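>
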Amino acid sequence: MIELQDILETNRMIKEQNLDVRTITMGISLRDCAHPDLTVFCQNIYEKITHKAEHLVRVGEDIEAEYGVPIINKRISVTPIAIAAEACHTDSYVAVAEALDRAAKTVGVNFIGGFSALVQKGFTKGDLVLLASISEALSVTDRVCSSVNLASTSSGINMDCVARMGEIIKQTAHLTRDRDAIGCAKLVVFANAVEDNPFMAGAFHGVGEAEACISVGVSGPGVVMRAIEQVRGADLGVVAETIKKTAFKITRVGQLVAQEASRRLNVPFGIVDLSLAPTPAIGDSVAAILEEMGLESTGAPGTTAALALLNDAVKKGGLMASSHVGGLSGAFIPVSEDAGMIAAVERGALTLEKLEAMTCVCSVGLDMIAVPGDTSAATISAIIADEAAIGVINNKTTAVRIIPVPGKTVGDSVVFGGLLGHAPVMAVNRFAPDVFIARGGRIPAPIRSLTN
Amino acid sequence: MKIVISVLGRDRVGIIAMVATVLAENGVNILNLDQTILDGFFNMIMTADMAEAKISLKELQEILKSKGEAIGLEIRAQHADIFQVMHRV
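Chains as they are written, first to last, in this note's numbering: chain A, 1 to 452; chain B, 453 to 541.
1) Pull out every residue of the segment 57-69 of chain A whose Cβ sits closer than 7 Å to any Cβ of chain B, in chain order.
2) What does Phe-535(B) reach in chain A if we use C-beta pairs closer than 7 Å?
3) For my contact list, Thr-304(A) and Val-361(A) are in at a C-beta cut-off of 8 Å; report their separation, rounded to the angstrom.
4) Cutting at 7 Å between CB atoms, please list the residues of its own chain near Asn-158(A), excluding the five before and the five after it.
5) DSSP three-state label for Asn-149(A), please.
6) Could you name each continuous beta strand (DSSP E) segment of 3 residues or more that falls completely within the segment 258-291 of chain A, going from the start of the chain to the end?
7) What does DSSP give as the partner residues of Thr-398(A) in its beta bridges?
8) Going along chain B in order, which residues have a C-beta closer than 7 Å to the C-beta of Ser-256(A)?
9) Thinking Gly-254(A) and Ser-322(A) are a contact (beta carbons under 8 Å), I'd like their distance in whole angstroms, please.
10) Determine the chain B residues that contact Val-253(A) at a beta-carbon separation under 9 Å, and present them in chain order.
11) Is the segment 22-34 of chain A touching the segment 205-212 of chain A in the sense that three or more CB pairs, one from each, lie closer than 8 Å?
12) Roughly how many whole angstroms lie between the Cα atoms of Gly-461(B) and Ile-489(B)?
13) Check the Cβ of Arg-528(B) against every Cβ in chain A and list those closer than 8 Å, keeping chain order.
14) Please go through the segment 348-398 of chain A and give each complete alpha helix (DSSP H) segment of 4 or more residues, from N-terminal end onward.
15) Taking 7 Å as the CB-CB limit, is Lys-510(B) close to chain A?
16) Provide the residue span of the beta strand (DSSP E) that contains Ala-529(B), from first to last.
17) With a threshold of 16 other CB atoms inside 10 Å of the CB of Pro-301(A), please say whether the residue is buried or exposed.
18) Could you list the residues in the segment 238-253 of chain A with a C-beta less than 8 Å from some C-beta on chain D, going in chain order?
19) For the segment 465-514 of chain B, list the alpha helix (DSSP H) runs that are entirely contained and at least 4 residues long, ordered along the chain.
20) I think Lys-454(B) touches Ala-529(B), with their Cβ atoms under 8 Å apart; what is that distance to the nearest whole Å?
21) If contact is defined by three or more beta carbon pairs under 8 Å, each pair taking one atom from either stretch, is the segment 188-206 of chain A in contact with the segment 102-119 of chain A?
22) Using a C-beta to C-beta distance shorter than 8 Å, which residues of chain A count as neighbours of Asn-495(B)?
23) Using three-state DSSP, classify Met-26(A) as helix, strand or coil.
24) Restricting to Cα atoms, I'd like to know which of Ile-402(A), Val-425(A), Glu-296(A) and Phe-269(A) is closest to Ile-342(A).
25) Does Lys-121(A) come out as helix, strand or coil in the three-state DSSP assignment?
26) What does Asn-158(A) pair with, by DSSP beta-bridge criteria?
27) Have a look at Glu-356(A) and Arg-430(A) and give me their C-alpha separation to the nearest angstrom.
28) Using Cβ-Cβ distances below 9 Å, what residues of the segment 468-488 of chain B are close to chain A?
29) Please classify Val-415(A) as buried or exposed, where buried requires at least 16 other C-beta atoms within 10 Å of its C-beta.
30) Check whether the segment 432-441 of chain A touches the segment 498-506 of chain B, taking contact to mean three or more Cβ pairs, one atom from each stretch, closer than 8 Å.
31) Would you give the residue range spanned by the alpha helix (DSSP H) that Arg-102(A) belongs to?
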């Protein structure tokens, strides 16, 4: 027997507090598509993706209608292209990106992730071809997302790749300069990337995954904020308990949607990602949660502690609500996608350095950050190296999605539109790391990698 | 399949009758009904079974939505599992 109050609460969460399932992501292995001829390979992947994901969007829409819970995105992740396309005799994978883009458009998903390489310890031939293709691929496609894993706790940091990524990000910004460098919003650099992340732009279908699987990313910052509004003045133990209970409820919805999508598509269920993903909508902000806890603005002293509490409580609450938890699972702090983060930057409360500190205790990293167009490739590389170091030493995923916007500087703003939102251009430390970055090589794996 | 029908709007004569008629016409069996006035608004929650239904949930949603809108009510019909999983361990 379901009680009236429970039903009203659920529907209030959906209608007033932006509870939604952020994404249903179908992971598809492309390992059986390999072919020496690039054209045949592209045809193979197009056919496989459009066949496997033929009903993904319709099923997502059916579930949304029947259960009354919005499912914002339907997406696809594929085997890292540097692996899948490695047998092709070619020096460019741009055609592969175009085939992925066509497949995404045919099945109606808004993003397809996996134009990726895993190079934490070194480059293979396919990795180098992929890296050389990223900038052009992101400029000629609309829906393809790219990611590069260049560090891990067990392998250390590939500093040669770190140096390359600074240049690739600058080049991507240049090639998409007429669209406020949107290409960089589709490119993530990871340390300790996870193989089952359903969120873009960093999703790819890991090599240890099954033939295909369905993973779901939940959301609901607005629901968490409303819940802790109800415990104003209570101590932080009570706040953590309140967040846990709310995260449990949110995750149960994600689990239900994941199981239902898996059943209807006849594709195994992968994981539920317990992330708290904000959107630019008012009231759907992670920053607003931190401020509801009692900070005048996100970025104020205390922000890292508040975020640590939030991140941990979300995981503890969500864990029991799902049979398989995975992905990134934690609070996201993308600047451009969170109205509260944008406001904090604009009022001068939140800096790049504070964001870096916050990434030590939340799920990912420096996400959707616009910086001046004249920021050097070496500086971008050094920011990536810092973030990778945090991930490697703390045995967690970190990421950098940074947008050096050509022709813009601190005080300007960039508009990406939709879920990507808009971003104030943030100040970057002007002292040069060039000599450090130019050294290249590998930063060895830390002592904590030796756990056997 | 069990569904939950929730009705929200200004109170007036005949709301329950209207919803019940739509359900009866389409072979949807009412299992339970709970109703209250909250903040001056009419709130009704109906649990129903669609095992013998002549139409799909989507079609029922359409009918209830348009009938509700005609008299200023918001009527939603949802699969009951979403409430079950969220509030029952």
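Glycine included, each C-beta is placed from N, C-alpha and C at the ideal position. As the structure is a computational prediction, the values presented were derived from the model and not from experiment.
With the given structure in hand:
1) Listed by position along the chain: Ala-65, Glu-66, Tyr-67, Gly-68 and Val-69.
2) Residue numbering aside, residue 535(B) sits at position 83 when the second sequence is read from its first letter. Neighbours of Phe-535(B) in chain A, taken as residues at a C-beta separation under 7 Å, are given in chain order as Ile-2, Asp-6, Ile-7 and Thr-10.
3) Here residue 304(A) refers to the residue found at position 304 when the first sequence is read from its first residue. Here residue 361(A) refers to the residue found at position 361 when the first sequence is read from its first residue. That belief holds up - the Cβ atoms of Thr-304(A) and Val-361(A) are roughly 6 Å apart, short of 8 Å.
4) To locate residue 158(A), count along the first sequence from 1; it is residue 158. So the list reads Val-119, Gln-120, Lys-121, Gly-122, Leu-150, Ala-151 and Arg-442, once near-sequence residues are dropped.
5) Numbered from its first residue, the first sequence carries residue 149(A) at position 149. Of the three classes helix, strand and coil, the one that applies to Asn-149(A) here is strand, per DSSP.
6) The segment 258-291 of chain A is shown to contain whole beta strand (DSSP E) runs of 3 or more residues at 269-273, in chain order.
7) For this step, residue 398(A) is matched to residue 398 along the first sequence. Secondary-structure assignment with DSSP links Thr-398(A) through a beta bridge to Ala-191(A).
8) Within the first sequence, the letter at position 256 stands for residue 256(A). The residue asked about is misnamed: residue 256(A) is Leu in this sequence, not Ser. Neighbours of Leu-256(A) on chain B, chain order: Asp-533, Ile-534 and Val-537.
9) Residue mapping note: residue 254(A) aligns to position 254 of the first sequence, counting from 1. Residue mapping note: residue 322(A) aligns to position 322 of the first sequence, counting from 1. Rounded, the Cβ-Cβ distance is 7 Å, consistent with contact.
10) For this step, residue 253(A) is matched to residue 253 along the first sequence. By Cβ distance, chain B contributes Ile-534, Val-537 and Met-538.
11) Short answer: they touch.
12) Position 9 of the second sequence holds residue 461(B). Position 37 of the second sequence holds residue 489(B). Going from the Cα of Gly-461(B) to the Cα of Ile-489(B) covers about 10 Å.
13) Here residue 528(B) refers to the residue found at position 76 when the second sequence is read from its first residue. Simply Asn-11 and Gly-68.
14) For the segment 348-398 of chain A, whole alpha helix (DSSP H) runs of length 4 or above, ordered along the chain, are 352-358 and 377-394.
15) Numbered from its first residue, the second sequence carries residue 510(B) at position 58. Yes - at least one Cβ of chain A is within 7 Å of the one on Lys-510(B).
16) Locating residue 529(B) in the second sequence gives position 77, where the first residue counts as 1. Segment 525-531, the beta strand (DSSP E) holding Ala-529(B).
17) Along the first sequence, read from residue 1 onward, the residue named residue 301(A) stands at position 301. With a 10 Å radius around the Cβ and a threshold of 16 neighbouring Cβ atoms, Pro-301(A) comes out exposed.
18) Included in the structure are the protein chains A and B, with no chain D among them.
19) The segment 465-514 of chain B contains these whole alpha helix (DSSP H) runs: 467-477.
20) Reading the second sequence from its first residue, position 2 is the one you call residue 454(B). Reading the second sequence from its first residue, position 77 is the one you call residue 529(B). The pair is not a contact, with the Cβ atoms about 11 Å apart (cut-off 8 Å).
21) The segment 102-119 of chain A vs the segment 188-206 of chain A: in contact.
22) Numbered from its first residue, the second sequence carries residue 495(B) at position 43. The answer, in chain order, is Leu-4 and Leu-8.
23) Mapped onto the first sequence, residue 26(A) falls at position 26. Met-26(A) falls in the strand class under three-state DSSP.
24) Looking up residue 342(A) in the first sequence gives position 342. Nearest of Ile-402(A), Val-425(A), Glu-296(A) and Phe-269(A) to Ile-342(A), Cα basis: Val-425(A).
25) Taking the first sequence and counting its residues from 1, one reaches residue 121(A) at position 121. Lys-121(A) falls in the coil class under three-state DSSP.
26) Counted from its first residue, the first sequence places residue 158(A) at position 158. Arg-442(A), per the DSSP bridge assignment.
27) Walking along the first sequence from the start, residue 356(A) turns up at place 356. Walking along the first sequence from the start, residue 430(A) turns up at place 430. Roughly 16 Å separates the two Cα atoms.
28) So the close ones are Asn-484, Asp-486, Gln-487 and Thr-488.
29) Counting from 1 along the first sequence, the entry for residue 415(A) is found at position 415. Sixteen is the threshold: since fewer than 16 other Cβ atoms of the shown chains lie within 10 Å of the Cβ of Val-415(A), the residue is exposed.
30) Note that the segment 432-441 of chain A does not touch the segment 498-506 of chain B; fewer than 3 beta-carbon pairs, one per stretch, sit closer than 8 Å.
31) Counting from 1 along the first sequence, the entry for residue 102(A) is found at position 102. Note, Arg-102(A): alpha helix (DSSP H), 94-107.
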